[in-house]
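Chemist: If you count the sequence shown from 1, position 157 lands on 156 in numbering that gives the first Met the number 0, and the numbers rise without skipping. Using N, Cα and C, we set each Cβ at its ideal position, and we do this for glycine too.
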Amino acid sequence: MLLALVGAAGLAASAQATTVYTVGTLEDLTGTCPNPASGTCSLRQLIEYEDSLPPHPEAADGIIVPSGGYNLSHGALLITQTVVISAAGARTTNVNVPAGLPAPQRVFEVKPPVNGGAAPTVVITGLTISGGSAVEELNGPFGGDIYNSGSLLLAEDWVTGGSASSGGGVSNDAGTLLLQRSLVSGNHANSGGGDSGGIQNHGAPGAPGTKAVLVLEDSTVAENDARLGAGIYSWSPEGADGNQVTVIESTIAHNTTREEAGGPVRGPGAGLLVADGSANVLDSILAFNKEESIASNCSTSGSGTITSPPGFGHNIESGTDCGFQSAGDLQGTNPRFSSETPQNNGGNTNTLYLEPTSPAIDAIPANEPFCTGRIDQRGLSRPQGAGCDIGAVEFGNLPTPPPPPPPTPAPAAPTLLTSAPPSVLTTTSATFTATVNPNGLPTTVHFEYGGVFGGATIAAVTYGSSTPNQSLPADFANHTVTATVTGLLPNVTYHVRAVATNSAGSALGPDQILQTAADPPPPPPVLGKTANVAPVSGVVYIELPPGATLASFSRSPLPTQAFAALTKGRAFIPLTEARQIPLGSTLDTSAGVVRITTATTASPKGKLQSGDFGTGIFKLLQARKQRGLTELNIIDNRNERQICASTGKGKKRARIAAGHPSKQVLGRLTANSHGHFTARGQYSSATVRGTIWGVQNRCDGTLTRVVRGELSVRDFRKRKTITLFTGQTYLARAPRR
């Protein structure tokens, strides 16, 4: 569906558990459990056992948490290895820090191992997580209930009752955090800086790749409070990369910035505050958030932006400070909730339901990419009417079959007898099959599925799509149910499960994996016409030049909504396999690395040249002359005039106003290449004569750096060429304003 949009391959709720353990006690037992498979260990013991294993990022073990209240008294549950924690449901299962402990403690901490290694990928589903706290002088200021610096998926969870200096509910500290069908409410930032009552999205300074990525889908953030950024606050200290926030079909309401014990209110943006990076909001509601008694849904500062992506929109804001003006956006509009606080309207978590007269109902066209085939926070399929409803909840009742005739034996929840392995039909289609016994009640069956792509750090939404419900009669026979889906991506791993529901309950089939086949390798590139591209790591997106079509890009049809890069408001398509693309295409390698191979005029005939490129957005061009010189034209991903004019404070701002530009980076590109390649920035171009190098467009000019090898840099303003060697840099200065 996106990434970044979206995704963490990472976030493999998807990853099929190799071994599954079950928690056997409500007590917070410590020490080593002699036999993890015995069903007698505590939750803490099973997590510590997983942490003790060698790294296993591609093979997630599972921990099942039965219903009950689990009170922690021995510190946070530290998770340093990839694992899937599946609980019985947020309404019946709670992991809590009780009041009265001698020192503050969180509930969960997701971190890389202390001895080094990759950050873990963690999935937590079906839990209420509550009562945690973080105090700067004792256990650090960030994350009351949850602290995350890895890749974390929270699905059908309720995060509540947390307190901290920053991120009372959750702090995503330079990590990847995805919330699906979850509720974050009743959290507080009431000490120290007192910011980010519900969710903190915090980038860290240092090397590239330290930005924080937050995705909110079909979820609610409500009734959190803080001195600043009561609902969601995304920010970074100076030196960190731009954060990313994506809000899809979610509700952010009734959050309040106010005076706390740590001091007075610090500013507006009670619902969504972005001080660094971007926030893209679509099909969502921001309403009734307040700064004390003053309405304040959204605010930005620094380099932060909040956008309703063109072509999507369909947002409701009760005021106008979010600035939503895309097609279908409604400003100054009351969404008409049926209550002021989240209530039990069905599903795994409480929600802010809609009145029958709400303007949110059927406001999203059925053909919009984030409508048909999705499910809301309660698990209800969208749409229920002529279109989908804005926000986390679809108006309508959860399926309740009529009372069945008295059967013998007594009716019960359906039984999923078997789930056959998915059958791959083509590179873009597959068939799912399950056998279900309705057990005497009218039953509906559908399949949930979602894809994972992009290597080991980025993933698409888990179970983000579903097939239409199929009805079974109220009998005791075994019925085989099949569904065929199209529009899949080639060379992608998908996860599938069957879901059968009747009035007595639901049955979930096992998670199953299908792998769509890759297309044949592309033919050799043609000089001046085409180039061959292949993903190396992370996620890479392609935007075709005007006039090119999906059919010319792929030998298999792609879905029109397939993982579009919504954060940039452009028609980007994920690169999941080696492909041939027309020159003039734009590549987004902000979250990945791509290998580019082009033809040359060098001998022998048919000789090719290639290089690996990443960290930026660029247009790919090639001259027929100049020995097949391949040009990578860097595209800035920030508004130069706005960024360069507004960066800095005090003397620094005065210096900029006097015509001394800042070092703010607007666009960049790193490369490891051999052959005839040139990276073109705004004020200079760099032609490779060696191996590893990088180019940055900045407010003060275009900076070229040679890590290893040799480069020729052409300064456009000075009209001269400079040769750089290993370790050298050159700044082609921008003209003073």
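Mind checking which residues open and close the beta strand (DSSP E) that includes Y352?
Modeler: Here residue 352 refers to the residue found at position 353 when the sequence shown is read from its first residue. From DSSP, Y352 is part of no beta strand (DSSP E); its letter is neither H nor E.
Chemist: How would you call S422, buried or exposed, if buried means at least 16 neighbouring beta carbons within 10 angstroms?
Modeler: Mapped onto the sequence shown, residue 422 falls at position 423. With fewer than 16 other Cβ atoms within 10 Å, it is exposed.
Chemist: Within its chain, find whatever has a CB closer than 6 Å to the CB of T722; leave out the 5 residues flanking it on each side and keep chain order.
Modeler: Working through the sequence shown from its first residue, we reach residue 722 at position 723. Excluding sequence neighbours, T722 sits near S711.
Chemist: Excluding the five sequence neighbours on either side, which residues of its own chain have a C-beta within less than 6 Å of the C-beta of T434, listed in chain order?
Modeler: For the purposes of this step, residue 434 is taken as the residue at position 435 of the sequence shown. So the qualifying residues of the chain are L416, T417, N477 and T479.
Chemist: Put D50 into one of helix, strand or coil per three-state DSSP.
Modeler: The sequence position of residue 50 within the sequence shown is 51, counting from 1. In this structure, D50 counts as helix in the three-state DSSP scheme.
Chemist: How long is the line joining the alpha carbons of R180 and A391, rounded to whole angstroms?
Modeler: Your numbering for residue 180 matches position 181 in the sequence shown. Your numbering for residue 391 matches position 392 in the sequence shown. So the alpha carbons of these two residues sit roughly 8 Å apart.
Chemist: On the DSSP letters alone, give me the boundaries of the beta strand (DSSP E) that E709 sits inside.
Modeler: Counting from one through the sequence shown, the residue named residue 709 turns up at place 710. Per DSSP, E709 belongs to the beta strand (DSSP E) from E709 to D714.
Chemist: Skipping 5 residues on each side, what residues in its chain have a beta carbon closer than 6 Å to that of S132?
Modeler: Within the sequence shown, numbered from 1, the residue matching residue 132 stands at position 133. So the qualifying residues of the chain are P103, G143 and S162.
Chemist: Using 8 Å for Cβ pairs, my map puts T81 next to T120. What's the rounded Cβ distance?
Modeler: Your numbering for residue 81 matches position 82 in the sequence shown. Your numbering for residue 120 matches position 121 in the sequence shown. Indeed they touch by this definition, with Cβ atoms about 5 Å apart.
Chemist: Rounded to the nearest angstrom, what separates Q469 and R377 at their Cα positions?
Modeler: Numbered from its first residue, the sequence shown carries residue 469 at position 470. Numbered from its first residue, the sequence shown carries residue 377 at position 378. One C-alpha to the other measures close to 19 Å.
Chemist: Please confirm whether N200 and G230 have their CB atoms less than 7 Å apart.
Modeler: Your numbering for residue 200 matches position 201 in the sequence shown. Your numbering for residue 230 matches position 231 in the sequence shown. No. Outside cutoff.
Chemist: For P520, which residues of its own chain have a beta-carbon under 7 Å away from its beta-carbon, when the five flanking residues on both sides are left out?
Modeler: By one-based count along the sequence shown, residue 520 stands at place 521. Result list for P520: A577, in chain order.
Chemist: Classify T159: buried if its beta carbon has 16 or more other beta carbons within 10 angstroms, exposed otherwise.
Modeler: On the sequence shown, residue 159 is found 160 positions in, with the first residue counted as 1. When all chains shown are included, T159 counts as buried.
Chemist: Between V532 and I580, how many whole angstroms is the CB-CB distance? I'm expecting something under 8 Å.
Modeler: The residue given as residue 532 occupies position 533 in the sequence shown. The residue given as residue 580 occupies position 581 in the sequence shown. At roughly 6 Å, the Cβ-Cβ gap stays under 8 Å, so V532 and I580 are in contact.
Chemist: How would you call I293, buried or exposed, if buried means at least 16 neighbouring beta carbons within 10 angstroms?
Modeler: To locate residue 293, count along the sequence shown from 1; it is residue 294. Flag for I293 reads exposed.
Chemist: By the 10 Å Cβ neighbour count, where 16 or more other Cβ atoms means buried, how is P437 classified, buried or exposed?
Modeler: For the purposes of this step, residue 437 is taken as residue 438 along the sequence shown, with counting starting at 1. Looking at its Cβ environment, which holds 16 or more other Cβ atoms inside 10 Å, P437 is buried.
Chemist: What's the C-alpha gap between N242 and S589?
Modeler: As a position in the sequence shown, residue 242 is number 243, starting the count at 1. As a position in the sequence shown, residue 589 is number 590, starting the count at 1. Answer to the nearest angstrom: the Cα atoms are 12 Å apart.
Chemist: Rounding to the nearest angstrom, what Cα-Cα distance links I541 and S672 in this structure?
Modeler: Position 542 of the sequence shown, counted from the start, is the residue given in the question as residue 541. Position 673 of the sequence shown, counted from the start, is the residue given in the question as residue 672. When rounded, the distance between both Cα atoms is 20 Å.
Chemist: Does DSSP classify G726 as helix, strand or coil?
Modeler: Taking the first residue of the sequence shown as position 1, residue 726 is located at position 727. Three-state DSSP puts G726 in coil, outside helix and strand.
Chemist: Please state whether the Cβ-Cβ distance between L353 and A362 is less than 7 Å.
Modeler: Here residue 353 corresponds to residue number 354 of the sequence shown, with the count starting at 1. Here residue 362 corresponds to residue number 363 of the sequence shown, with the count starting at 1. Not a contact, by the Cβ cut-off of 7 Å.
Chemist: Provide the residue(s) that pair with N186 in DSSP beta bridges, ordered along the chain.
Modeler: The residue you call residue 186 lines up with position 187 of the sequence shown. Bridge partners of N186: none, in fact.
Chemist: Assess, as a yes-or-no matter, whether the stretch 333-347 is touched by the stretch 365-372 under the definition of 3 or more beta carbon pairs within less than 8 Å.
Modeler: At 8 Å Cβ cutoff, the stretches do not touch.
Chemist: Using 8 Å for Cβ pairs, my map puts A225 next to G193. What's the rounded Cβ distance?
Modeler: Your numbering for residue 225 matches position 226 in the sequence shown. Your numbering for residue 193 matches position 194 in the sequence shown. That belief holds up - the Cβ atoms of A225 and G193 are roughly 6 Å apart, short of 8 Å.
Chemist: Per DSSP, what kind of secondary structure is A433 in: helix, strand or coil?
Modeler: Along the sequence shown, one-based indexing puts residue 433 at 434. Residue state, collapsed to three classes: strand.
Chemist: Using the three-state DSSP reduction, which class does G537 fall into: helix, strand or coil?
Modeler: Residue numbering aside, residue 537 sits at position 538 when the sequence shown is read from its first letter. G537 falls in the strand class under three-state DSSP.
Chemist: What does N171 pair with, by DSSP beta-bridge criteria?
Modeler: The residue labelled residue 171 in the question sits at position 172 within the sequence shown. Paired residues: N147 and N200.
Chemist: So, is F676 buried or exposed, given that buried needs 16 or more other C-beta atoms within 10 angstroms?
Modeler: Stepping through the sequence shown from its first residue, residue 676 is reached at position 677. Result: buried.
Chemist: Quick check: A167 and A154, are their CB atoms within less than 7 Å of each other?
Modeler: On the sequence shown, position 168 is the one that residue 167 refers to. On the sequence shown, position 155 is the one that residue 154 refers to. Here residue 167 is Gly; the residue named in the question, Ala, does not match the sequence. No.
Chemist: Which residues bound the beta strand (DSSP E) around E216?
Modeler: In the sequence shown, the residue the question calls residue 216 occupies position 217. It spans V212 to E216 - the beta strand (DSSP E) in which E216 sits, taken as one unbroken run.
Chemist: Return the first residue and the last residue of the beta strand (DSSP E) that E630 is part of.
Modeler: Walking along the sequence shown from the start, residue 630 turns up at place 631. Taken as a continuous stretch (DSSP letters only), the beta strand (DSSP E) holding E630 covers T629 to I634.
Chemist: Mapping the DSSP letters down to three states, classify Q104 as helix, strand or coil.
Modeler: What you label residue 104 is simply residue 105 of the sequence shown in a count that begins at 1. DSSP places Q104 in coil when its eight states are reduced to three.
Chemist: From the DSSP output, read off the bridge partner residues of P364.
Modeler: As a first step, residue 364 is located in the sequence shown; it is residue number 365 there, counting from the start. For P364, which the question treats as bridged, DSSP gives no partner whatsoever.
Chemist: So, are the CB atoms of T306 and N279 less than 7 Å apart?
Modeler: The residue you call residue 306 lines up with position 307 of the sequence shown. The residue you call residue 279 lines up with position 280 of the sequence shown. A contact, by the Cβ cut-off of 7 Å.
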